[in-house]
Each structure stands twice: as structure tokens, then as C-alpha cells.
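Okay, structure first, notes after.
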Amino acid sequence: MSGLFSFMWSKPKDPNELAKEWKRSIRQDQRNLDRSLRDIAVEEQKIKLSVKQCAKKGDMASAKVLAKGLVDARKSKERINKAKAQLTSVELQITQQQSQLKIMGAMQKSGQVMKAMNDLMKVPELMQTMRTMGMEMEKAGMIEEMASDVIDDAMGMEDDEDEVDEEVNNVLQEVLTKQINGVQPADHSLEIKKKQEVVQEENDEEEEQFNRRLNELKAL
108 MSGLFSFMWS KPKDPNELAK EWKRSIRQDQ RNLDRSLRDI AVEEQKIKLS VKQCAKKGDM
168 ASAKVLAKGL VDARKSKERI NKAKAQLTSV ELQITQQQSQ LKIMGAMQKS GQVMKAMNDL
228 MKVPELMQTM RTMGMEMEKA GMIEEMASDV IDDAMGMEDD EDEVDEEVNN VLQEVLTKQI
288 NGVQPADHSL EIKKKQEVVQ EENDEEEEQF NRRLNELKAL
């Protein structure tokens with residue numbers, strides 16, 4: 108509590124310095140989100156492999172459970188990519204505010220930044236840093252008071268069960284279809300190779316018969 112009071116009653120920072128700090132924080136958050144995306148991509152590949160292995164064994168129940176994890180991973184990627192775009196938007200708005208500081212002398216309220224900050228507060232990976240930045244922006248006069256129910260909304264978000272089931276089935280079908288399509292060309296190429304070998308053997312046999320007849324004619 109004492110930390111909150113000290114923040115509220117501390118001497119206001121220079122707006123330009125604040126803007127620089129916010130932009131540094133945003134760039135760090137961007138790097139962290141990029142790292143999360145790479146981790147998710149690795150996990151996706153592991154899940155896909157496990158789904159295929161379960162399907163080969165006929166264990167479709169386990170494959171479906173794993174496919175649910177794949178759905179969650181893809182939703183996380185969508186959420187993170189959206190957050191990255193919003194962070195970029197906020198950084199651009201901060202840069203614009205910096206360019207206007209010499210003329211206006213202070214930060215100006217921005218509805219666009221306010222909306223983006225409320226959305227970013229719902230992203231678990233950014234919740235803490237966005238809360239701190241939001242309080243600083245509010246104090247600097249750049250945004251209105253942050254919505255008090257933003258965190259509650261973030262914690263209470265749930266997916267519709269029917270929609271999740273449908274997505275799981277779609278993902279399962281997608282993974283297994285790719286697996287089947289991936290096997291068919293290999294089998295087909297093997298079949299073609301065998302046919303080519305048979306044709307070559309037949310050609311060799313015909314050539315041998317021709318040479319034998321030619322030698323017989325020469326002997327006459």
C-alpha cells in the first residue's frame with residue numbers, strides 16, 4: 108500500500124523521459140512476445156507429432172485431447188500477434204506525443220491509447236507491465252482512469268464448449284489429412300520406381316534376345 112501512495116504522490120517525471128521509458132518497455136515486451144511465439148511454434152510441432160502417433164495406434168481419444176492443446180496454442184498465437192500490433196500502435200502514439208511536447212508542453216489525452224491499454228491489460232504476459240505503464244500514463248494526463256474491471260475480465264474469459272469441440276475436430280482432421288497426403292506421394296513414387304524397374308528388365312530381356320538372334324544369323 109505504501110508503494111502505491113508513494114507512486115501517487117511522487118514528483119511528476121519529465122514527459123519526454125517518461126515517453127522514452129515507455130517505448131523501451133514496449134520494445135522489451137515485443138521481444139518477450141516474440142520469444143513466446145517461438146516457444147509455441149516448437150510446442151505445436153511436438154503436439155502434431157503426438158497426434159499422428161496416437162492416430163496410427165488407433166487411439167483417437169488421446170489424439171482429440173492433444174488436438175485441444177493445438178487449438179489452445181493457435182489461439183495463444185493469435186492473441187500474442189494482436190497484442191504485438193497494439194503495442195506497435197501505442198509506441199507510435201507515444202512518438203507522436205513526443206513530437207508535440209515542444210508545442211503543447213504536456214501529454215494530450217488519447218482515446219486510441221486508452222483503448223489499446225485496456226486491451227493489453229487482458230494479455231497475461233503483459234498484465235503487470237501494462238498496469239504500471241497505465242498508471243504512469245494516467246498520471247501524465249495521456250489517458251483517463253484505467254477500467255477497474257479489466258483484470259477481472261481477463262481472468263474470466265472462457266471459450267464456448269461447442270465452438271472448442273468444433274475447432275478440435277477441424278484441427279484433428281487437418282493434421283491427419285496432411286499425414287495421409289504426406290504418405291501417398293511416397294507410396295506412389297515407390298510404385299512408379301518399381302514399374303520403371305520392371306520395364307527396364309523387360310527392355311534388357313528383349314535386347315538380349317535380339318543379340319542372340321543376331322549372333323545366330325551371323326553363324327549361318
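Sequential numbering from 108 applies to the sequence shown in our numbering. C-beta: ideal position from N, C-alpha, C; glycine also.
Whole-Å CB distance - residue i paired with residue j, under 8 Å assumed
i	j	result
A157	L173	The question names Ala, yet the displayed sequence has Ser at residue 157. Yes, S157 and L173 are in contact; Cβ-Cβ is about 5 Å, under 8 Å.
E251	K209	The Cβ separation is near 24 Å, so there is no contact.
Q135	K191	With a Cβ gap of about 13 Å, Q135 and K191 do not count as contacting.
M224	M237	6 Å
M249	M214	4 Å
M187	K130	Here residue 187 turns out to be Ile, not Met, going by the sequence shown. About 20 Å; that fails the 8 Å criterion.
The alpha helix (DSSP H) enclosing residue i, as first and last residue numbers
i	result
D141	P122 to K163
Buried or exposed (CB count within 10 angstroms, at least 16 for buried), residue i
i	result
H295	Note that H295 scores a pLDDT of 46, beneath 50, so its modelled location is shaky and nothing firm can be said.
L199	exposed
A170	buried
G263	Since pLDDT at G263 reaches only 46, below the 50 mark, its modelled position is unreliable, and the value read off the structure follows with that caveat. By the neighbour-count rule (16 or more Cβ atoms within 10 Å), G263 is not buried but exposed.
M211	exposed
G241	buried
D166	exposed
T126	As written in the sequence, residue 126 is Ala, which differs from the Thr given in the question. Looking at its Cβ environment, which holds 16 or more other Cβ atoms inside 10 Å, A126 is buried.
A180	buried
K155	buried
A148	exposed
Q204	buried
Q193	buried
- Query: Which runs of the beta strand (DSSP E) fall wholly inside the segment 201-256 and span at least 3 residues, in chain order?
  - Reply: none
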